[in-house]
Amino acid sequence: MRLRLWSYFLRQALMNIMNNRLVHVIGLGTMFVAILIFGTFLFLLINLNTWVQGWGHSLSMSVYLEDGISEGKRDMIASWIKSLPTAEIDRFITKEGALKELRRVLGAQAGLLEGLSTNPLPASLEVVFEKGEGLRLDPDRIKKELEKMEGVEEVQYSEDWLKRFKGLMSLIRVGGLIIGGLLCMGILFIVTNTIKLTIYSRKEEIEILKLVGATDWFVKTPFLLEGAIQGILSGILALLILYSGYYLLSTEKIHFTSLGVFDFIFLPYEYALLIFLASVALGLVGSLIAVGRFFDI
Amino acid sequence: MRLRLWSYFLRQALMNIMNNRLVHVIGLGTMFVAILIFGTFLFLLINLNTWVQGWGHSLSMSVYLEDGISEGKRDMIASWIKSLPTAEIDRFITKEGALKELRRVLGAQAGLLEGLSTNPLPASLEVVFEKGEGLRLDPDRIKKELEKMEGVEEVQYSEDWLKRFKGLMSLIRVGGLIIGGLLCMGILFIVTNTIKLTIYSRKEEIEILKLVGATDWFVKTPFLLEGAIQGILSGILALLILYSGYYLLSTEKIHFTSLGVFDFIFLPYEYALLIFLASVALGLVGSLIAVGRFFDI
Amino acid sequence: MNLLAAKKTYSPGSGLPNALSKGSTLRNGLWTNDNLWAKVIQLFHLFKNFGPNVALRDIDLRVLKGEFVFVTGPSGAGKTTLLRLIFGAERPTSGQILINAINLNRISRSSLDLLRRKVGFVFQDFKLLPKKTVFENVALALEVTGERGSFIRKKTHQSLRLVNLAEKEQAYPLSLSGGEQQRVAIARAIVKDPLILLADEPTGNLDPDLTRDIITLFRNIHMKGTTIVVATHSRERFEDSGQRTIVLKRGKIVVEK
Amino acid sequence: MNLLAAKKTYSPGSGLPNALSKGSTLRNGLWTNDNLWAKVIQLFHLFKNFGPNVALRDIDLRVLKGEFVFVTGPSGAGKTTLLRLIFGAERPTSGQILINAINLNRISRSSLDLLRRKVGFVFQDFKLLPKKTVFENVALALEVTGERGSFIRKKTHQSLRLVNLAEKEQAYPLSLSGGEQQRVAIARAIVKDPLILLADEPTGNLDPDLTRDIITLFRNIHMKGTTIVVATHSRERFEDSGQRTIVLKRGKIVVEK
Ligand SMILES: Nc1ncnc2c1ncn2[C@@H]1O[C@H](COP(=O)(O)OP(=O)(O)OP(=O)(O)O)[C@@H](O)[C@H]1O
Ligand SMILES: Nc1ncnc2c1ncn2[C@@H]1O[C@H](COP(=O)(O)OP(=O)(O)OP(=O)(O)O)[C@@H](O)[C@H]1O
Ligand SMILES: [Mg+2]
Ligand SMILES: [Mg+2]
Chain A
1 MRLRLWSYFL RQALMNIMNN RLVHVIGLGT MFVAILIFGT FLFLLINLNT
51 WVQGWGHSLS MSVYLEDGIS EGKRDMIASW IKSLPTAEID RFITKEGALK
101 ELRRVLGAQA GLLEGLSTNP LPASLEVVFE KGEGLRLDPD RIKKELEKME
151 GVEEVQYSED WLKRFKGLMS LIRVGGLIIG GLLCMGILFI VTNTIKLTIY
201 SRKEEIEILK LVGATDWFVK TPFLLEGAIQ GILSGILALL ILYSGYYLLS
251 TEKIHFTSLG VFDFIFLPYE YALLIFLASV ALGLVGSLIA VGRFFDI
Chain B
1 MRLRLWSYFL RQALMNIMNN RLVHVIGLGT MFVAILIFGT FLFLLINLNT
51 WVQGWGHSLS MSVYLEDGIS EGKRDMIASW IKSLPTAEID RFITKEGALK
101 ELRRVLGAQA GLLEGLSTNP LPASLEVVFE KGEGLRLDPD RIKKELEKME
151 GVEEVQYSED WLKRFKGLMS LIRVGGLIIG GLLCMGILFI VTNTIKLTIY
201 SRKEEIEILK LVGATDWFVK TPFLLEGAIQ GILSGILALL ILYSGYYLLS
251 TEKIHFTSLG VFDFIFLPYE YALLIFLASV ALGLVGSLIA VGRFFDI
Chain C
1 MNLLAAKKTY SPGSGLPNAL SKGSTLRNGL WTNDNLWAKV IQLFHLFKNF
51 GPNVALRDID LRVLKGEFVF VTGPSGAGKT TLLRLIFGAE RPTSGQILIN
101 AINLNRISRS SLDLLRRKVG FVFQDFKLLP KKTVFENVAL ALEVTGERGS
151 FIRKKTHQSL RLVNLAEKEQ AYPLSLSGGE QQRVAIARAI VKDPLILLAD
201 EPTGNLDPDL TRDIITLFRN IHMKGTTIVV ATHSRERFED SGQRTIVLKR
251 GKIVVEK
Chain D
1 MNLLAAKKTY SPGSGLPNAL SKGSTLRNGL WTNDNLWAKV IQLFHLFKNF
51 GPNVALRDID LRVLKGEFVF VTGPSGAGKT TLLRLIFGAE RPTSGQILIN
101 AINLNRISRS SLDLLRRKVG FVFQDFKLLP KKTVFENVAL ALEVTGERGS
151 FIRKKTHQSL RLVNLAEKEQ AYPLSLSGGE QQRVAIARAI VKDPLILLAD
201 EPTGNLDPDL TRDIITLFRN IHMKGTTIVV ATHSRERFED SGQRTIVLKR
251 GKIVVEK
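Residue numbers (our numbering), protein chains in the order written: chain A, 1 to 297; chain B, 1 to 297; chain C, 1 to 257; chain D, 1 to 257.
Shown next as structure tokens:
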């Protein structure tokens, strides 16, 4: 009996969709476009975030060691650095190596180094941070920790670049939140209102159903199912189109002037699922609210 | 007579808006939200562009001069640089100045410079590029031009930063175009469809008007006026809200970690006007298309 | 002819749900005057205003189980309003309405739904769903009760045959003539074997022959024990019926015979 | 009583626009048989199918200027379809329709609009705009012609008085009784002093007194020279009129007298 009723409701919902094609196509289209816009936004935000974090790779740190440091101490410092989750020792530069490097940099002017009696340059460890994760660590804190260690003379890293980088990251985060929030609210508003309009065009139907003795749920359920079907369809459709877009982008690699090749990633699995569920919920809840408006008989 | 008709249409349009309040509020709301989203997007894009271009300021160029260059030649080079639209000579560093600088940089290791007989460092002109416009010029081209000039030994600039910067700019441009385009299409789709729905709920009215002998234009004009009024209202409303948001942002200055204060600019006058006109056109054309659909009697 | 089939078809009182079935079980298809429940419709000092308009004033009326009552009166007298009040589609400004001893002023939404399943209403403006076929429109009245599909189909076919519309089952209301639409509305009202049948101007769009058929149909339904209230302006058509007639004028009962 | 006012009010043929006025100028309010133009409505071998349904078959009919014709027949006979074809609201499957010698098969959209301004139609389902008041609904028929506001107001008041609805001017159609709505539809059809008045079941929702009033009203309009075609199932009500009556059955003319 329950089953019979549900199959009746489902048939009803499908028939209603057929009978109100224009209205449903418009409703579906609106939901689909809204979700697609939101999905695209999320996709771009996530990729932007990943790229910018990838640039964090270029953050490197020079740990200058005191002259005459023992091998043991040096190894201790090195292993402490290695114990940091994302840090990696790129290379160890000896005092001689440093001088050679300076000579190379000075080029034609290297002659001025000829007069040196002792090597004034310190040995150093060059530390790089793993791609994408560079910013999970606080370089400032690492610097302080290292400078407290015995045998470390000075720690340097490019604070300027880091500053910009952090600024960009927080810009992305805040900007993303603002646009994302606005987009969310806008989409909620538009979709629920579109549903309201689609149901408004059928308010006579609701009135008549009530007049022949239908319970509220008998009237509402087909509308809710229609909403859910719309949500499911538009969610799937939007994700499909989004994935196609992603596929195009990632095969036809896009070359930006002097930025090299961007590697796109698709929305993480959970995000895609979330979008889908949100879209179904939107259809359901939107219909529920909208259909409630027209119950005055 | 014409005037009487127009005043009749206007009264008609206003009365229709009153009589179909729910539908109009929803239509207006949808248009308003859609335009607000687009406006916000444009606003953020323009500001992002301005900020990133502002960072172009940090692009500087060192023009190393040959030893023993005559003042005349030096001035020629300087005035050539000044003739570039956005370039500016930050300072002139003499050979002595360069040595002093090197000494300062070397710090404790400065002792190694003591043994120098001659000053191996060249004099140089430090060139900066004006805020916001830095990238209109091609630094590569300038470098080549300068290096061809007599008296110039070498030209250096931070190509790495520039690369990233250019990449970011093109990312903003391409990303903006993609999202902007998608947003535009989506908004067009949603708004025209919402209008279609609002008119769909009144298709009986159109039929009856035709049956009492109204000409097509007699039927259409009030709908067009209603669309235009909706467009005007939602355009104004969206711009007002956008401006309020901007006002809030620009008084309560937002401090991003280590990026300092952002100075927001509002949409340029022409953009705001364009948004307004687009919104009116959207209302008008949307109604025109939608109302045409229901003329089968 | 088809109308003879009604004899077998209509067995009101079968399968009554819940509250309604309790007090209202028909006693061998006849009403008994001494039974409190026998007063199916009771209206006490009923007033209905629409803003400044007074549509009904001080209506007092009792309809016994199994009665056949005509409500007539000029256009705008309040006939439709009266039926809508009895149906619970409108709330009275003051006064009481008791249907089967249930007070409509205090009825819950869900009980009203249940009540409406046992009350058939032929609306003056038909109130058909334009996007459903004739068959679906009529079946709807049974679908809402959650009956079995085969039963619904059987009853719907029967009911449509009774109003002579069997061959229009798959048509949509907007493609029907006025009289055809009216008959769909009648079919929908009688398909559920109602305890009470309220018909508002049910023959306004029908030719004399069909009108006679419908009256015969109503008589048959009435003979099975259904209480019937018909609002009509065409007094003369029903005059020969010798039934109780109530004449409304400007919202008041002016003649009751 | 109000209906007497009709004598002064109705002066058809005044202010005819464009093409229509040319051939159709009334000669002292009378039709002349020898004039080609005097045949206001001419139907030749008219067929109308709705898919497999044949609503009208081989209808041949001429209505002279100033005639008063009744179309009767059982429900679903094709009365409404016939009127809608004459009005240009439906296109024939085959056959020709000439209105004032204008062939509706070849008429342009804008000419059809002009034609409709001179043809009044009382729809069986009224077709009132629910969001406009009674007054606005009636005035609409004149607004579309671009008449002056004061003239529109005067005519609208008059027309509503003629159907006895003066006090409901500011009401909305959904708040009217069935008969009141029908009278609004009648008022809208006659407000423009039509050359042709097509009325589809115009008294189906009216009580006998009002029906008599409306018939008298139509007679008055007719006497001013308007051609009138009334579709109705209630033959007997009009029987005494002694007018020409056409009986349709299953889409065919079976009796013409
Ligand atoms: N919703 C409403 N709002 C305002 N007035 C209303 C409403 N419904 C009915 N009326 C008014 O109440 C009066 C009675 O209307 P009702 O429909 O009951 O008449 P009726 O007897 O059915 O007439 P008819 O024979 O023409 O159908 C009328 O004057 C009508 O205008
Ligand atoms: N749009 C349509 N689509 C399909 N069939 C139609 C359509 N309009 C009318 N019909 C059919 O054509 C036939 C004639 O209909 P019409 O409305 O002309 O009858 P009528 O004489 O006016 O009847 P009534 O007295 O009941 O109003 C009917 O059988 C009807 O079902
Ligand atoms: Mg009524
Ligand atoms: Mg008809």
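Even glycine gets a Cβ: it sits at the ideal position worked out from N, Cα and C.
Bear in mind that the values here come from a model prediction, so they are computed numbers and not experimental data.
Original post:
Whole alpha helix (DSSP H) runs in the segment 80-108 of chain B with 4 or more residues, listed along the chain?
Top reply: Counting only runs of 4 or more, we get 95-106.
Subject >> Helix, strand or coil at residue 61 of chain A according to DSSP, with G and I counted as helix >> reply: Three-state DSSP puts residue 61 of chain A in a strand.
Original post:
Considering only the beta carbon of each residue, do residue 216 of chain A and residue 110 of chain C sit closer than 9 Å?
Top reply: Taking 9 Å as the Cβ cut-off, residue 216 of chain A and residue 110 of chain C qualify as a contacting pair.
**OP:** Could you please give the first and the last residue of the uninterrupted beta strand (DSSP E) stretch that includes residue 231 of chain C?
**Re:** Following the DSSP letters along the chain, one finds residue 231 of chain C inside the beta strand (DSSP E) bounded by residues 227-231.
Subject >> Alpha-carbon to alpha-carbon, residue 97 of chain B and residue 119 of chain B >> reply: Residue 119 of chain B and residue 97 of chain B: Cα-Cα distance of roughly 10 Å.
**OP:** Hey, could you find the ends of the beta strand (DSSP E) residue 250 of chain C is sitting in?
**Re:** Counting along the chain, residue 250 of chain C falls outside any beta strand (DSSP E), and DSSP gives it neither H nor E.
Original post:
How long is the line joining the alpha carbons of residue 181 of chain C and residue 178 of chain A, rounded to whole angstroms?
Top reply: Cα-Cα distance, rounded: 56 Å.
Original post:
Any Cβ of chain B within less than 9 Å of the Cβ of residue 144 of chain A?
Top reply: No, residue 144 of chain A lies away from the interface with chain B (no Cβ there is under 9 Å from its Cβ).
Subject >> Contact set between the segment 128-157 of chain C and chain D, restricted to residues whose Cβ is under 9 Å from the partner >> reply: Within the segment 128-157 of chain C, no residue has its Cβ closer than 9 Å to any Cβ of chain D.
Original post:
Could you give the distance in angstroms between the alpha-carbon of residue 77 of chain B and the alpha-carbon of residue 236 of chain B?
Top reply: Cα to Cα, the separation comes out at about 53 Å.
Subject >> the segment 38-55 of chain D contacting the segment 90-104 of chain D, beta-carbon criterion three pairs below 8 Å >> reply: Cβ pair count under 8 Å is three or more, so yes.
Original post:
So, using beta-carbon positions, are residue 128 of chain B and residue 143 of chain B closer together than 9 Å?
Top reply: Between residue 128 of chain B and residue 143 of chain B, the CB-CB gap reaches or exceeds 9 Å.
Original post:
Just how far apart, CA to CA, sit residue 258 of chain A and residue 90 of chain A?
Top reply: Reliability fails at residue 258 of chain A, whose pLDDT of 42 lies under 50, so the model's placement of it is uncertain and the value that follows must be treated cautiously. Rounded to whole angstroms, the gap between the alpha carbons of residue 258 of chain A and residue 90 of chain A is 25 Å.
Original post:
Where residue 200 of chain B and residue 294 of chain B are concerned, what is the direct C-alpha to C-alpha distance, given to the nearest angstrom?
Top reply: One C-alpha to the other measures close to 8 Å.
Subject >> Endpoints, the alpha helix (DSSP H) within which residue 150 of chain C is located >> reply: For residue 150 of chain C, the enclosing alpha helix (DSSP H) starts and ends at 149-162.
Subject >> beta-carbon residue 207 of chain D near ligand 3 non-hydrogen atom, thresh 8 Å >> reply: Flag unset: Cβ of residue 207 of chain D not near ligand 3.
**OP:** At 9 Å on the CB atoms, spell out the chain B contacts of residue 268 of chain D, in chain order.
**Re:** One cannot answer for residue 268 of chain D here, as it falls past the ends of chain D, which runs 1 to 257.
**OP:** State the Cα-Cα distance for the pair residue 66 of chain B and residue 88 of chain B, rounded to the nearest angstrom.
**Re:** Rounded to the nearest angstrom, the two C-alpha atoms are 21 Å apart.
Subject >> Between the CA atoms of residue 249 of chain D and residue 255 of chain D - distance to the nearest angstrom >> reply: In this model, residue 255 of chain D and residue 249 of chain D are separated by some 9 Å (Cα to Cα).
Original post:
What's the C-alpha gap between residue 123 of chain C and residue 199 of chain C?
Top reply: If I take the Cα positions, the gap works out to 7 Å.
Original post:
Any contact of the segment 205-215 of chain A with the segment 26-34 of chain A, i.e. 3+ C-beta pairs under 8 Å?
Top reply: No: fewer than three Cβ pairs fall under 8 Å.
**OP:** Examine ligand 2 and report whether any of its heavy atoms sits within less than 8 Å of the Cβ of residue 176 of chain C.
**Re:** Here the distance from the Cβ of residue 176 of chain C to the nearest heavy atom of ligand 2 is below 8 Å.
Original post:
DSSP three-state call for residue 278 of chain B: helix, strand or coil?
Top reply: If DSSP states are grouped into helix, strand and coil, residue 278 of chain B belongs with the helices.
Original post:
What residues from chain C crowd round residue 208 of chain A, counting only those whose CB sits closer than 7 Å?
Top reply: Here the neighbours are 127, 129.
**OP:** With a cut-off of 8 Å on the beta carbons, I'd call residue 133 of chain D and residue 189 of chain D a contact; round off their distance for me.
**Re:** About 17 Å separates the beta carbons of residue 133 of chain D and residue 189 of chain D, which is beyond the 8 Å limit, so they are not a contact pair.
Subject >> DSSP three-state assignment for residue 203 of chain C, whether helix, strand or coil >> reply: Three-state result, residue 203 of chain C: coil.
Original post:
Closest by CA to residue 165 of chain C, which one among C:51, C:203, C:81, C:179?
Top reply: Across the set C:51, C:203, C:81, C:179, the C-alpha of C:179 shows the shortest separation from the C-alpha of residue 165 of chain C.
**OP:** Using a threshold of 9 Å, state whether the C-beta atoms of residue 195 of chain D and residue 226 of chain D are closer than that.
**Re:** Cβ atoms of residue 195 of chain D and residue 226 of chain D: closer than 9 Å.
Original post:
How about residue 201 of chain C: is its Cβ closer than 8 Å to a heavy atom in ligand 3?
Top reply: Flag set: Cβ of residue 201 of chain C near ligand 3.
**OP:** Verify the contact flag: residue 75 of chain C, CB atom, against every heavy atom of ligand 1, threshold strictly below 8 Å.
**Re:** Checking the Cβ of residue 75 of chain C against ligand 1 gives yes.
Original post:
Grouping DSSP H, G and I as helix and E and B as strand, with all else coil, what is residue 72 of chain D?
Top reply: Taken through DSSP and simplified to helix, strand or coil, residue 72 of chain D comes out as strand.
Subject >> Interface positions of the segment 194-206 of chain D facing chain C (Cβ-Cβ less than 7 Å), listed along the chain >> reply: Answer set for the segment 194-206 of chain D: 201, 204, 205, 206.
Original post:
Which residue or residues does DSSP assign as beta-bridge partners of residue 157 of chain A?
Top reply: Under DSSP, residue 157 of chain A forms a beta bridge with A:61.
Subject >> Assigned exposure category for residue 138 of chain A - 16 Cβ within 10 Å defines buried >> reply: With fewer than 16 other Cβ atoms from the protein chains shown falling within 10 Å of its own Cβ, residue 138 of chain A counts as exposed.
Original post:
Is any heavy atom in ligand 1 found nearer than 8 Å to the beta carbon of residue 204 of chain B?
Top reply: For residue 204 of chain B, the shortest C-beta to heavy atom distance toward ligand 1 is 8 Å or greater.
Original post:
How would you list, in chain order, the residues of chain D whose beta-carbon sits under 9 Å from the beta-carbon of residue 180 of chain C?
Top reply: Counting only Cβ-Cβ distances below 9 Å, residue 180 of chain C has contacts in chain D at 75, 76, in chain order.
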